Amino acid sequence: MTRRTFFKSATAGIGSVLAVMIGYPLIDSLVSSSKALVKRTFSKLGSVNDIQNSFKPIVQPTKVNFSKTDQDAFVSFTKPEQVWVVKKSPTDIKVFSPICTHLGCRYNWDEDKKQFVCPCHNSVYTIDGKVVSGPAPRDLDELPIEMKDGDLYVQYEKFEVGIPQKIIID
Ligand code: FES
Numbered sequence: 018m019t020r021r022t023f024f025k026s027a028t029a030g031i032g033s034v035l036a037v038m039i040g041y042p043l044i045d046s047l048v049s050s051s052k053a054l055v056k057r058t059f060s061k062l063g064s065v066n067d068i069q070n071s072f073k074p075i076v077q078p079t080k081v082n083f084s085k086t087d088q089d090a091f092v093s094f095t096k097p098e099q100v101w102v103v104k105k106s107p108t109d110i111k112v113f114s115p116i117c118t119h120l121g122c123r124y125n126w127d128e129d130k131k132q133f134v135c136p137c138h139n140s141v142y143t144i145d146g147k148v149v150s151g152p153a154p155r156d157l158d159e160l161p162i163e164m165k166d167g168d169l170y171v172q173y174e175k176f177e178v179g180i181p182q183k184i185i186i187d
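So the numbering used here is basically just the index in the sequence shown, starting at one, shifted up by 17.
In structure tokens form, the structure reads like this:
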């Protein structure tokens, strides 16, 4: 290797290292700031009246599928999501994340037991989302809702699983 090719290679190598050192924090800060700019919005679940007949003697939770649209600094994106709605009356409504707080499986409503049961490690929750048994470290994650013109809206969020604290991760 001649002295000239050695210096050429060394310069290219140093240039690459500098590009990574400067470029990575720059890209990371851009991604972080765009995440911080994601606007949390309420998604429509449907008509309050359609969700469940509140005059039924036994309240039964309803699984509702909906589309969630988020807007960040640059684009808007829509994806399918799901929640559990517990409607005891037209004004007494709770909406829960469908994710078990233990390790993130999706739980179901057990009609015989009248409880939510997670198939993965058998965490059990009441209809109000309280932990009854199993390894779940906290109650089900209740989501913010609002009602407008007879329709129910939810602010869908995801939370850290496996810990007692309710910490938003998405
Ligand atoms: S993920 Fe639900 S009990 Fe473990």
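Note that beta-carbon positions come from the ideal geometry of N, C-alpha and C, so glycine has one too.
Small disclaimer: the values here were computed from a predicted structure and weren't measured.
I'd like the list of long-range same chain contacts for residue i, defined as Cβ closer than 7 Å, with 5 residues on each side in sequence excluded.
i      : result
Gly121 : Val178
Lys80  : Gln99, Trp101
Phe59  : Glu163, Tyr170, Val171, Gln172
Asn82  : Pro97, Gln99
Looking at the structure shown, is residue i part of a helix, part of a strand, or coil, going by DSSP?
i      : result
Asn139 : coil
Ile162 : strand
Val81  : strand
Val171 : strand
Asp67  : helix
Gln182 : coil
Phe59  : coil
Tyr41  : Note on Tyr41: pLDDT 49, under 50, position unreliable in the model; the coordinate value appears next. In the structure shown, Tyr41 sits in a helix (DSSP, three-state: H, G or I).
Ile110 : strand
Ile116 : strand
Asp87  : strand
Ser49  : Legend: pLDDT at Ser49 = 49, less than 50; position of this residue unreliable, value from coordinates given subsequently. Residue state, collapsed to three classes: helix.
In terms of residue numbering, what span does the beta strand (DSSP E) encompassing residue i cover?
i      : result
Asp127 : 125 to 127
Pro97  : 93 to 106
Val76  : Run containing Val76: none; DSSP gives neither H nor E here.
Ser150 : 148 to 150
Arg176 : Note that residue 176 is Phe in the sequence shown, not Arg. Per DSSP, Phe176 belongs to no beta strand (DSSP E) and is neither H nor E.
Below 8 Å CB to CB, which residues in the same chain sit around residue i once its five sequence neighbours on both sides are set aside?
i      : result
Val65  : Lys104, Pro107, Ile110, Met164, Gly167, Asp168, Leu169
His119 : Cys135, Cys137, His138, Ser140, Gly151, Pro152, Ala153, Pro154, Val178, Gly179
Ser84  : Ser60, Thr95, Lys96, Pro97, Glu98
Grab me the residues of residue i's own chain with a C-beta within less than 6 Å of its C-beta, minus the 5 sequence neighbours each way, in chain order.
i      : result
Val112 : Val100, Val102, Leu160, Ile162, Val171
Pro78  : Trp101, Val103, Trp126
Pro181 : Pro154, Arg155
Leu62  : Val81, Phe83, Leu169, Val171
Does the beta-carbon distance from residue i to residue j come in below 8 Å?
i      : j      : result
Ile93  : Phe176 : A small correction: the amino acid at residue 93 is Ser; Ile does not occupy that position in the sequence shown. No, the pair does not count as a contact, with Cβ atoms beyond the cut-off.
Asp187 : Glu174 : yes
Ile116 : Lys131 : no
Neighbouring residues (CB closer than 5 Å to any heavy atom of the ligand FES): Near the ligand FES, meaning a Cβ closer than 5 Å to any of its heavy atoms, lie the following residues in chain order: Cys117, His119, Leu120, Cys122, Cys135, Cys137, His138, Ser140.
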